[in-house]
Amino acid sequence: MPRSTPVPALAAPAARVHDGLVLEPRNVRFDWAELPLHWIPDEPMATHIINVLHLLLPEGERWFVKVFEEALPLIRDEQLREEVLGFIGQEAIHAEAHQEVLDHLLGQGLDPRPYVRQMAWLFQRVLGDKPGLTPARRRESIIERVAFIAAVEHFTAFLGNWALNSPGLDRAKADPTMLDLLRWHGAEEVEHRSVAYDLMVHLDPGYLRRIRGMAISGPLLVQLWVRGARFLLAADPTLHGRLKPSWREAGRIAKRGLLPDPVESIRSGLRYLRPGYHPTQEGSSSQALGYLATSPAARAAAGR
């Protein structure tokens, strides 16, 4: 039974039922004791551009969890409810895994707390639940924030797919524990890539909601990433402020396979705007599950 009623041609497609999709929170653990500050050897800029993930994700994914918990009473489809509960479990573990990296950076003399405090203010105060709203306005607030998350999840799935297909990081001898974190997390982002989108369509199948979510979340994510890269390079105690990020240098690094291709990132964002778009068009579930079956951290969590 479809989750939403038919909509006009320019509206988002109805959410698709995923037969057999069971999202399993994997309680992984990582040992960061031997992680070098520049975990891509001799590549501090590439290292810190990727490290922005650790700045954004703990507060961001805790916010995802809170918004989805607020949305649970609005869900009228039992399968979707189960997927949302699995999504909540996975995102909560993601937040803690990246928090551990921040704690490790602090121990290495790079203090991430000034930037993290800004993220806490953004997600808790600006994007958090507003007390005193009428039931109708509170419902609208929840749906709007779900649309923001659906747009962000499009990019996390894109990044996850890149992490699973990034031999440049292996050639550069990136730290294996960090690679496992990125690929375990990336695989789970690909695995649950449809949940936020399907929830948005379930609550509001309108095309304009989807476009507005991307119009706000996309530029905000780019701005936060640029600011995060600048912050980390300035705060790195070994660089003494000598290294400044630039789009040109990021492009050169991407050509060596150490960062996602900026052009492909833009194309990915544009795909989200297509009327017939659905997240199942991004990445491969079988590849994601294949990695999760071999990930050292995921195997250890499963007792294998």
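If you read the sequence shown in the working numbering, its first letter stands for residue 828, the second for the next number, and so on. Idealized CB from N, CA, C, for every residue including glycine. Everything numeric in this text was worked out from a predicted model, so none of it was measured.
Can you tell me the Cα-Cα spacing of Val1022 and Glu888, whole angstroms?
Indexing the sequence shown from 1 puts residue 1022 at position 195. Indexing the sequence shown from 1 puts residue 888 at position 61. The alpha-carbon atoms of Val1022 and Glu888 are separated by roughly 14 Å.
Check whether the Cβ of Val953 lies closer than 7 Å to any Cβ atom in chain B.
Protein chains in the displayed structure number just one, and chain B is not present.
Run the CB neighbour count on Pro1032, radius 10 Å, all protein chains shown included, and call it buried at 16 or more, exposed below.
Working through the sequence shown from its first residue, we reach residue 1032 at position 205. By the neighbour-count rule (16 or more Cβ atoms within 10 Å), Pro1032 is buried.
Going by other Cβ atoms of all chains shown within 10 Å of its Cβ, with 16 needed for buried, is Gly1130 buried or exposed?
In the sequence shown, counting from the first residue as 1, residue 1130 sits at position 303. The residue in question, Gly1130, is exposed, as its Cβ has fewer than 16 Cβ neighbours within 10 Å.
In the segment 906-981, which residue ranges form an unbroken alpha helix (DSSP H) of at least 4 residues, counting only runs that do not cross its ends?
List check, alpha helix (DSSP H) in window: 940-947.
Could you spell out the range, first to last residue, of the alpha helix (DSSP H) harbouring Leu1116?
Translated into positions along the sequence shown, residue 1116 becomes position 289. Unbroken alpha helix (DSSP H) run through Leu1116: Ser1112 to Thr1121.
Between the Cα of Tyr1118 and those of Arg1010, Tyr1104 and Phe891, spot the shortest distance and give me the residue it belongs to.
Along the sequence shown, read from residue 1 onward, the residue named residue 1118 stands at position 291. Nearest of Arg1010, Tyr1104 and Phe891 to Tyr1118, Cα basis: Arg1010.
According to DSSP, is Arg1075 part of a helix, a strand, or is it coil?
On the sequence shown, position 248 is the one that residue 1075 refers to. It is helical.
Return the CA-CA distance between His1019 and His1105, expressed in angstroms with no decimal places.
Residue 1019 sits at position 192 when you count from the first residue of the sequence shown. Residue 1105 sits at position 278 when you count from the first residue of the sequence shown. So the two alpha carbons sit approximately 13 Å from each other.
Taking only three categories from DSSP, how would you classify Ala1128?
Counted from its first residue, the sequence shown places residue 1128 at position 301. DSSP places Ala1128 in helix when its eight states are reduced to three.
For Lys893 and Glu909, what's the separation of their Cα atoms in angstroms?
Numbered from 1 along the sequence shown, position 66 holds the residue referred to as residue 893. Numbered from 1 along the sequence shown, position 82 holds the residue referred to as residue 909. Each residue's Cα considered, the two are about 16 Å apart.
Would you report the Cα separation of Ser831 and Leu1030, rounded to the nearest angstrom?
Along the sequence shown, read from residue 1 onward, the residue named residue 831 stands at position 4. Along the sequence shown, read from residue 1 onward, the residue named residue 1030 stands at position 203. Low per-residue confidence applies at Ser831: pLDDT is 36, beneath 50, and the placement is therefore not dependable, though the value from the model is reported in the following sentence. Near 8 Å, if we compare the C-alpha coordinates of Leu1030 and Ser831.
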